[in-house]
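Chemist: Once you've had a glance at the structure underneath, I'll fire off some questions.
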Amino acid sequence: MSLLVQKTAASSSQNPDRIRKFGLALILLAALTACSTPSGSDTSGAAQPSGPGYYTVQKGDTLSSIARKFRLSNSAIINWNKLSDPNDIKVGQVLRVASQGARVSGTTTPRSVDNSTASSPSNDEKDKIDWTWPASGKSASGLGQGKKGIDIFGQLGQPVLAAAAGKVMYSGSGIRGYGNLVIVKHNSNLLSIYAHNKTIVVKEGQMVGKGQQIAEMGKSDSNSVKLYFEIRRQGKPVDPSRYLPSR
Numbered sequence: 443m444s445l446l447v448q449k450t451a452a453s454s455s456q457n458p459d460r461i462r463k464f465g466l467a468l469i470l471l472a473a474l475t476a477c478s479t480p481s482g483s484d485t486s487g488a489a490q491p492s493g494p495g496y497y498t499v500q501k502g503d504t505l506s507s508i509a510r511k512f513r514l515s516n517s518a519i520i521n522w523n524k525l526s527d528p529n530d531i532k533v534g535q536v537l538r539v540a541s542q543g544a545r546v547s548g549t550t551t552p553r554s555v556d557n558s559t560a561s562s563p564s565n566d567e568k569d570k571i572d573w574t575w576p577a578s579g580k581s582a583s584g585l586g587q588g589k590k591g592i593d594i595f596g597q598l599g600q601p602v603l604a605a606a607a608g609k610v611m612y613s614g615s616g617i618r619g620y621g622n623l624v625i626v627k628h629n630s631n632l633l634s635i636y637a638h639n640k641t642i643v644v645k646e647g648q649m650v651g652k653g654q655q656i657a658e659m660g661k662s663d664s665n666s667v668k669l670y671f672e673i674r675r676q677g678k679p680v681d682p683s684r685y686l687p688s689r
């Protein structure tokens, strides 16, 4: 946990009203400004491998689009390249796209992809991340009327899932009004927030995959069993329905 987050959480016992008002904002600021460069993505200085079996990341590429081009799984590319943050690949970064034992002749060229099923990524951040619903159940509310996210009502103890791959930036109960809270950073712009959990099963600094369980649904700091879920872009709440798939 960053020093800013530590100080913010510690102050809750001294001034609970202040922490409720400013605590989440400070933690979000700390998360957004935290260094998120993956260990395997340094594209400057040291020479990088090239040639058959490797691919240089182009503008607009995402991990998923590269995997589709080479008919690979996301996990294969992540494991071969030891990516700590699959949502933060860099233009110019060289990725291995064939197993070490594979026979590759000539320059590695992406296989053609049917345009009817794969469109070019846009500049909108929502198109650069693969989202899923964080829990099953009836959802209610949205932005407006004092709401910054959605409530998903379910059963006590049911799984709460990471809505997209990312890094756990906060895991705890130091922010009054949110109960047991998890914050996941997906890239330099986007965060997701999961509140009122019964139990948290991830730790700060842990990388999580899309759909991975991060908590159990509960009613901490709430009068009913539910997950309160937000997506924030550059610290500001956005409508989750613009990002989550239809269901």
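Each position in the sequence shown, counted from 1, maps to that position plus 442 in my numbering.
Every residue gets a Cβ at the ideal spot worked out from N, C-alpha and C, and that includes glycine.
If you're wondering where the values come from, they're calculated on a predicted model, not measured in any experiment.
Is DSSP giving residue 635 helix, strand or coil here?
Modeler: Position 193 of the sequence shown, counted from the start, is the residue given in the question as residue 635. Note: residue 635 maps to strand in three-state DSSP.
Chemist: Could you tell me the distance, in whole angstroms, from the CA atom of residue 538 to the CA atom of residue 506?
Modeler: Here residue 538 refers to the residue found at position 96 of the sequence shown. Here residue 506 refers to the residue found at position 64 of the sequence shown. Their backbone Cα atoms lie some 14 Å apart in a straight line.
Chemist: If you compare alpha carbons, which of 676, 595 and 649 is closest to residue 638?
Modeler: Your numbering for residue 638 matches position 196 in the sequence shown. It is 595 whose Cα lies nearest to the Cα of residue 638.
Chemist: Taking residue 510 as part of the alpha helix (DSSP H), name the residues at either end of that continuous run.
Modeler: Residue 510 sits at position 68 when you count from the first residue of the sequence shown. Note, residue 510: alpha helix (DSSP H), 505-511.
Chemist: Please state the DSSP three-state secondary structure of residue 460.
Modeler: Locating residue 460 in the sequence shown gives position 18, where the first residue counts as 1. Per-residue confidence for residue 460 stands at a pLDDT of 45, beneath the threshold of 50, marking its modelled position as unreliable; the derived number appears in the next sentence. Residue 460 falls in the helix class under three-state DSSP.
Chemist: Could you name the residues that DSSP lists as bridge partners for residue 626?
Modeler: The sequence position of residue 626 within the sequence shown is 184, counting from 1. DSSP output for residue 626 lists 610 and 634 as bridge partner(s).
Chemist: Determine the extent of the beta strand (DSSP E) in which residue 657 is found, giving its start and end residues.
Modeler: Mapped onto the sequence shown, residue 657 falls at position 215. Taken as a continuous stretch (DSSP letters only), the beta strand (DSSP E) holding residue 657 covers 655-659.
Chemist: Report, in whole angstroms, the separation of the C-beta atoms of residue 655 and residue 667, which I expect to be a contact under 8 Å.
Modeler: Within the sequence shown, the letter at position 213 stands for residue 655. Within the sequence shown, the letter at position 225 stands for residue 667. With 8 Å as the limit, residue 655 and residue 667 do not qualify as a contact, their Cβ atoms being about 17 Å apart.
Chemist: From the DSSP output, in three-state form, read off residue 664 for me.
Modeler: The residue you call residue 664 lines up with position 222 of the sequence shown. In the structure shown, residue 664 sits in coil (DSSP, three-state: anything other than H, G, I, E or B).
Chemist: Given residue 514, which residues of its chain have a CB within under 7 Å of its CB, disregarding the five upstream and five downstream residues?
Modeler: Position 72 of the sequence shown, counted from the start, is the residue given in the question as residue 514. Within the same chain, residue 514 has close Cβ partners 539.
Chemist: In three-state terms, what does DSSP make of residue 570?
Modeler: As a position in the sequence shown, residue 570 is number 128, starting the count at 1. Helix at residue 570.
Chemist: With distances taken from CA atoms, which of 519, 616, 646 and 610 is nearest residue 632?
Modeler: Position 190 of the sequence shown, counting from 1, holds the residue named residue 632. It is 610.
Chemist: Got a sec? Which residues, its chain only, sit under 7 Å from residue 496 by beta carbon, not counting five neighbours each side?
Modeler: Counting from one through the sequence shown, the residue named residue 496 turns up at place 54. Closer than 7 Å at Cβ, skipping near neighbours: 536, 537, 538, 539 and 550.
Chemist: Is residue 652 closer than 7 Å to residue 572 when the C-beta atoms are compared?
Modeler: As a first step, residue 572 is located in the sequence shown; it is residue number 130 there, counting from the start. As a first step, residue 652 is located in the sequence shown; it is residue number 210 there, counting from the start. A contact, by the Cβ cut-off of 7 Å.
Chemist: Given that a residue counts as buried once 16 or more other Cβ atoms are within 10 Å of its Cβ, and exposed if not, what is residue 684?
Modeler: For this step, residue 684 is matched to residue 242 along the sequence shown. With fewer than 16 Cβ atoms within 10 Å of its Cβ, residue 684 is classed as exposed.
Chemist: For a test of the three-state rule: what should DSSP assign to residue 594, helix, strand or coil?
Modeler: In the sequence shown, residue 594 corresponds to position 152, counting from 1. Here residue 594 sits in strand by DSSP.
Chemist: Leaving out five residues on either side along the sequence, give the residues of the same chain with a beta carbon under 6 Å from the beta carbon of residue 672.
Modeler: Stepping through the sequence shown from its first residue, residue 672 is reached at position 230. Excluding sequence neighbours, residue 672 sits near 590, 591, 635 and 679.
Chemist: So which of 648, 625 and 602 has the shortest CA-CA distance to residue 641?
Modeler: The residue given as residue 641 occupies position 199 in the sequence shown. When each option's Cα is compared against that of residue 641, the closest is 602.
Chemist: Go ahead and label residue 598 buried or exposed: buried means 16 or more other beta carbons lie within 10 angstroms of its beta carbon, across all protein chains shown.
Modeler: Taking the first residue of the sequence shown as position 1, residue 598 is located at position 156. Exposed, because fewer than 16 other Cβ atoms sit within 10 Å of the Cβ of residue 598.
Chemist: CA-CA distance, residue 600 and residue 570?
Modeler: Looking up residue 600 in the sequence shown gives position 158. Looking up residue 570 in the sequence shown gives position 128. Taking the straight line joining both Cα atoms gives about 28 Å.
Chemist: In terms of alpha-carbon separation, which member of 581, 621, 613 and 670 lies closest to residue 648?
Modeler: Along the sequence shown, one-based indexing puts residue 648 at 206. Considering only alpha carbons, the answer is 613.
Chemist: Using 10 angstroms around the beta-carbon of residue 665, count the other beta-carbons present and answer buried if the total reaches 16, otherwise exposed.
Modeler: In the sequence shown, counting from the first residue as 1, residue 665 sits at position 223. That one is exposed.
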